[in-house]
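**Student:**
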Amino acid sequence: GQQVMQIPQYQHVQEGEDFTTYCNSSTTLSNIQWYKQRPGGHPVFLIQLVKSGEVKKQKRLTFQFGEAKKNSSLHITATQTTDVGTYFCAGRDTGRRALTFGSGTRLQVQP
Amino acid sequence: EAQVTQNPRYLITVTGKKLTVTCSQNMNHEYMSWYRQDPGLGLRQIYYSMNVEVTDKGDVPEGYKVSRKEKRNFPLILESPSPNQTSLYFCASIPKGGVSSYEQYFGPGTRLTVT
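Same order as they appear, the protein sequences are chains X and R.
In terms of the numbering used here, the first sequence opens at residue 1024 and continues consecutively.
In terms of the numbering used here, the second sequence opens at residue 272 and continues consecutively.
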């Protein structure tokens, strides 16, 4: 079945440093979504990417969808303590309805 | 306020005692879904529903049942809970059945412990 791997599992950075999490699918995706979950909270939708090679930005966050639509990344520039949480990617295999989540990257930001 | 609600938020039960976790949304969303979240495994989809009376299995449906008799409610039923169903459960909804285009709104979660 479809697998979505996410690395790293955990990253600890100093405030102001950059952060990147990577998502790789075993199959071609029709789209990919990114979510953020604060400690003790529920996942909150950040963005969806649909097109091959697509790049979207939200303030300090940059999202990319690979040309082959099998990988994606989320990059945060100059992290802040408010960025703390776990970031999940979630992809839908072409032809499937169910959404498969990656295992998440937990980000800790040291002030 | 637009939201997805789940009840109960916390539940400790014993093996084999049937339970239901309710999920309700007030946004007139067509698509609803249940996930379980376990450490190191991310969120795994249990069941989803594209509309009233339309449900389908996700990746981990064993041991669970759902029903969708009305648009706003999507209860998750554990007929005979076992300890391996101890987990954090999230309900989510999306505005339309075309899941590829819309974001999911998640409920606050239900932490279930089966002893």
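For glycine and all other residues, C-beta sits at the position ideal for the given N, C-alpha and C.
From a predicted model like this one, the values you see are computed outputs, not experimental measurements.
Short of 6 Å in beta carbon distance, which residues of its chain neighbour I283 of chain R, apart from the five on each side in sequence? Order them along the chain.
**Tutor:** Excluding residues within five positions, the ones whose Cβ falls inside 6 Å are T384.
**Student:** Counting contacts by CB-CB distance shorter than 9 Å, is S1126 of chain X in contact with chain R?
**Tutor:** For S1126 of chain X, the answer is yes, since a Cβ of chain R falls inside 9 Å of its Cβ.
**Student:** When the distance is taken between beta carbons, is T381 of chain R closer than 9 Å to N278 of chain R?
**Tutor:** A contact, by the Cβ cut-off of 9 Å.
**Student:** Examine the Cβ distances between the region 1050-1059 of chain X and the region 1097-1114 of chain X and report whether three or more of them are shorter than 8 Å.
**Tutor:** Touching, yes, given that three or more Cβ pairs across the two stretches are closer than 8 Å.
**Student:** Please name the residue, chosen from X:T1085, X:V1078 and X:G1114, that lies closest to G1125 of chain X on a Cα-to-Cα basis.
**Tutor:** Comparing Cα positions, the closest option is X:G1114.
**Student:** So the candidates are X:D1041, X:M1028, X:Q1081 and X:E1040; which of them puts its Cα closest to the Cα of S1048 of chain X?
**Tutor:** Nearest C-alpha to S1048 of chain X: X:M1028.
**Student:** Determine the chain X residues that contact L314 of chain R at a beta-carbon separation under 8 Å, and present them in chain order.
**Tutor:** The answer, in chain order, is P1066, F1111, A1113 and F1124.
**Student:** Does the Cβ-Cβ distance between L335 of chain R and L349 of chain R come in under 9 Å?
**Tutor:** Sequence inspection shows Tyr at residue 335 of chain R; the Leu mentioned does not correspond to that position. For Y335 of chain R and L349 of chain R, yes; Cβs fall inside 9 Å.
**Student:** What in chain X is Cβ-close to Q311 of chain R, meaning under 9 Å?
**Tutor:** For the record, residue 311 of chain R in the displayed sequence is Gly; it is not Gln. Going along chain X in sequence order, the residues near G311 of chain R (Cβ under 9 Å) are Q1032, S1126 and G1127.
**Student:** At a cut-off of 8 Å, would you count Q308 of chain R as near the ligand MG, judging by its Cβ distance to the nearest heavy atom?
**Tutor:** The ligand MG is absent from the structure shown, which contains no ligands of any kind.
**Student:** If distances are taken between C-alpha atoms only, which option among R:L359, R:E324, R:E301 and R:P352 comes closest to Y281 of chain R?
**Tutor:** When only C-alpha atoms are compared, the closest one is R:L359.
**Student:** Excluding the 5 residues flanking S351 of chain R on each side, which residues of the same chain have their C-beta closer than 6 Å to its C-beta?
**Tutor:** G287.
**Student:** Whose C-alpha, out of R:T326, R:P379 and R:Q316, is nearest the C-alpha of R339 of chain R?
**Tutor:** Nearest of R:T326, R:P379 and R:Q316 to R339 of chain R, Cα basis: R:T326.
**Student:** Could you say which of R:Y302, R:D330, R:V323 and R:L290 lies nearest to C362 of chain R if we only look at CA atoms?
**Tutor:** Checking every option, the nearest Cα to that of C362 of chain R belongs to R:Y302.
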